[in-house]
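Under this note's numbering, think of the first position of the sequence shown as 1, with each following residue one higher.
Even for Gly, the Cβ is constructed at its ideal location relative to N, Cα and C.
Just so you know, these numbers come straight off a predicted model, no measurement behind them.
Below is one structure, written out as C-alpha cells, with a few remarks after it.
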Amino acid sequence: MKLKIEEKYIIFAQKAYSALRTPIINSAIKYAVIIVCFFILFQRLSKSDFKPEFLFYQATFLQIIPIFILLSLANFFLDVLLWSFISKGSHKLRFWHYARHHLISLSLGFITPNNIGEYGGKMRQFEAPLAKLKGFFLAFHFRTVKTVARNIIGFFATYLLFYTTDSFLKEWHLYLFFFVVFIHLLFYWNIENFLPLLTNISIRGKNYFQSFLRIRISSFEKIKWISLSAVKFFIYTSQLSIVLLSIGSSGAHFFTIWLYVAFYYSLAAYLPTILVFDPIVKGAVGIFLLKQLHLSDWSIFTSVTLVWTTNVALPALVGSFLWAGRKRLN
Numbered sequence: 001m002k003l004k005i006e007e008k009y010i011i012f013a014q015k016a017y018s019a020l021r022t023p024i025i026n027s028a029i030k031y032a033v034i035i036v037c038f039f040i041l042f043q044r045l046s047k048s049d050f051k052p053e054f055l056f057y058q059a060t061f062l063q064i065i066p067i068f069i070l071l072s073l074a075n076f077f078l079d080v081l082l083w084s085f086i087s088k089g090s091h092k093l094r095f096w097h098y099a100r101h102h103l104i105s106l107s108l109g110f111i112t113p114n115n116i117g118e119y120g121g122k123m124r125q126f127e128a129p130l131a132k133l134k135g136f137f138l139a140f141h142f143r144t145v146k147t148v149a150r151n152i153i154g155f156f157a158t159y160l161l162f163y164t165t166d167s168f169l170k171e172w173h174l175y176l177f178f179f180v181v182f183i184h185l186l187f188y189w190n191i192e193n194f195l196p197l198l199t200n201i202s203i204r205g206k207n208y209f210q211s212f213l214r215i216r217i218s219s220f221e222k223i224k225w226i227s228l229s230a231v232k233f234f235i236y237t238s239q240l241s242i243v244l245l246s247i248g249s250s251g252a253h254f255f256t257i258w259l260y261v262a263f264y265y266s267l268a269a270y271l272p273t274i275l276v277f278d279p280i281v282k283g284a285v286g287i288f289l290l291k292q293l294h295l296s297d298w299s300i301f302t303s304v305t306l307v308w309t310t311n312v313a314l315p316a317l318v319g320s321f322l323w324a325g326r327k328r329l330n
C-alpha cells in the first residue's frame, strides 16, 4: 500500500538525513563529551552532600515560583510565535495549530539523531509536497535565527564581563567569539545565496531541493525574527539567573549573574551532545563557567536541570502525547 502524501515527510526527512548526515566520528565525539561530562559531574557532586541551597531557602524560592512559571510560559509563547511568523507566509493557521506542530516537532527531535525529527514534525504543518520541502527549509531557518540571536547577546554579555568584572576571560576570547558571531550572522543574512549549493544534492537520483531557489526572505523579516529570538533568549537566561539569585549565597547582583548565564549558554550550545543528555553536559559546563558566582556544584546543576526540564523536556513530553493521540486517530 502506498503511503499517503501527508506521510511522505517522514520518508523525506529520513532520506535527507541519510544524504546530509555527518561521519560516524561525529557521533563518537558526542558520546565522548557526554561520558566526560558525566564523570566530571559524578566526581564533583560526590564530594559534597546533596544540598541545593534554594531548597533550604524555601521562603525565597517559593516567591520566585510564580515568576519562574510565567517566564516558562512566555518562553514557549515566543517560540511558537517565532515559528508562526516564519512559516505563516505559506500556510496560515490558528496559533494553537502552530503550537501543536511545534510541540510534536520537539518530541520527535528527542528521539532522532541531530534533532532531524524536529524538521519532520514542522513539515507536517504543510500539505502540498513542494510546501513540505519549503517547510524543511523554514525549520532550518527557525533554528538558525535563534542561534544568531543567542550569539549576538552572548557576545555583548562576554564583552561586558571582560570590561566590567574580574573574570577569567582573555582578549583573544572576545576576538574568537566575535568571529563566530560574524560568521553566523553573515550566513543567516545571505542564507538564500547558499541555497544553490543544495541543488547539487540528489537523493536516490531525485533533486528535492530545486524549489528552494525560489525562496526569498526580506531584510525586515530577518531583523524582526532576530529581535524576537533575542527577547526569547533574554527570558530563558533570566530564568536561570533568577533561580541562581534566589539561592542567596552568591552576593552578586542580578545583572552580573545574567551576564555570566548569557555567556555560559552561548558557549555551552556549541558542545556536541544528544538532546536527552543535555542536562549532564550543560550541568558540567555550568559548574566551571559559573563558579565565579561562588555557588555550590549541586546548586548550579539542579538549577540548570530545572530550567531545561520546564522549557525543553516538558514541552517535548506534551508533544509526545499529542503525537500519540494523532496516531490513534489514524
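Close Cβ partners of residue i (< 6 Å) along its chain, the five nearest in sequence each way excluded
{"i": "Thr-309", "result": "none"}
{"i": "Val-312", "result": "none"}
Nearest residue (CA-CA) to residue i, options the options
{"i": "Val-80", "options": "Trp-225, Phe-178, Thr-165, Ala-99", "result": "Ala-99"}
{"i": "Phe-68", "options": "Val-318, Phe-156, Leu-244, Ser-167", "result": "Leu-244"}
{"i": "Leu-289", "options": "Ser-218, Pro-315, Ser-167", "result": "Ser-167"}
{"i": "Phe-31", "options": "Ile-274, Tyr-119, Pro-315, His-294", "result": "It should be noted that the sequence gives Tyr, not Phe, for residue 31. For the residues Ile-274, Tyr-119, Pro-315, His-294, the minimum Cα distance to Tyr-31 belongs to Ile-274."}
{"i": "Ser-320", "options": "His-102, Leu-62, Ile-65", "result": "His-102"}
{"i": "Tyr-159", "options": "Ser-87, Ile-104, Tyr-175", "result": "Tyr-175"}
{"i": "Pro-315", "options": "Val-281, Glu-118, Thr-144", "result": "Glu-118"}
{"i": "Gly-283", "options": "Thr-305, Leu-133, Ile-191, Phe-137", "result": "Thr-305"}
{"i": "Tyr-188", "options": "Ala-28, Thr-144, Ala-74, Phe-61", "result": "Thr-144"}
{"i": "Phe-126", "options": "His-97, Ser-218, Val-148", "result": "His-97"}
{"i": "Gln-63", "options": "Ser-246, Leu-322, Lys-291", "result": "Ser-246"}
{"i": "Phe-61", "options": "Ala-269, Gln-239, Leu-317, Val-285", "result": "Gln-239"}
Same chain, Cβ closer than 8 Å to residue i, neighbours up to 5 away in sequence not counted
{"i": "Ile-152", "result": "Val-181, Leu-185, Ile-226, Ala-230"}
{"i": "Glu-171", "result": "Phe-162"}
{"i": "Asp-278", "result": "Trp-308, Val-312"}
{"i": "Ile-34", "result": "Thr-273, Ile-274, Phe-277, Ile-280, Val-281"}
{"i": "Leu-108", "result": "Gly-117, Glu-118, Gly-120, Gly-121, Gly-319, Trp-323"}
{"i": "Ile-217", "result": "His-141, Ile-191, Glu-192"}
{"i": "Leu-317", "result": "Ser-107"}
Same chain, Cβ closer than 7 Å to residue i, neighbours up to 5 away in sequence not counted
{"i": "Leu-45", "result": "Asp-297, Trp-298, Phe-301"}
{"i": "Leu-343", "result": "Beyond the ends of the chain as shown, which are 1 and 330, falls residue 343; an answer cannot be given."}
{"i": "Ala-262", "result": "Ile-153, Gly-154, Ala-157, Thr-237"}
{"i": "Thr-22", "result": "Unreliable placement is indicated for Thr-22, whose pLDDT of 49 sits below 50; the coordinate value is still reported in the next sentence. If we look at Thr-22 and ignore the five residues flanking it on each side, it has no Cβ neighbours."}
Cβ distance (whole Å) where residue i is taken to contact residue j below 8 Å
{"i": "Thr-165", "j": "Thr-256", "result": "6 Å"}
{"i": "Gly-135", "j": "Ser-87", "result": "7 Å"}
{"i": "Ala-74", "j": "Ile-242", "result": "About 13 Å; that fails the 8 Å criterion."}
{"i": "Gly-286", "j": "Tyr-264", "result": "6 Å"}
{"i": "Leu-93", "j": "Leu-228", "result": "With a Cβ gap of about 18 Å, Leu-93 and Leu-228 do not count as contacting."}
{"i": "Phe-95", "j": "Ser-84", "result": "7 Å"}
{"i": "Ser-266", "j": "Arg-150", "result": "6 Å"}
8 Å Cβ cutoff, residue i in contact with chain C
{"i": "Lys-222", "result": "Protein chains in the displayed structure number just one, and chain C is not present."}
Worksheet item: Considering only residues of the stretch 228–306, which uninterrupted alpha helix (DSSP H) runs meet the minimum length of 4 residues and lie entirely inside it, listed in chain order?
Response: 254–268, 278–289
Item to complete: Only counting runs of 4 or more residues, tell me where the alpha helix (DSSP H) segments fall wholly within the stretch 87–126, in order along the chain.
Response: 95–110, 116–123
Discussion item. Restricting to runs no shorter than 4 residues, where is the alpha helix (DSSP H) found entirely within the stretch 127–182?
Written reply: 129–164
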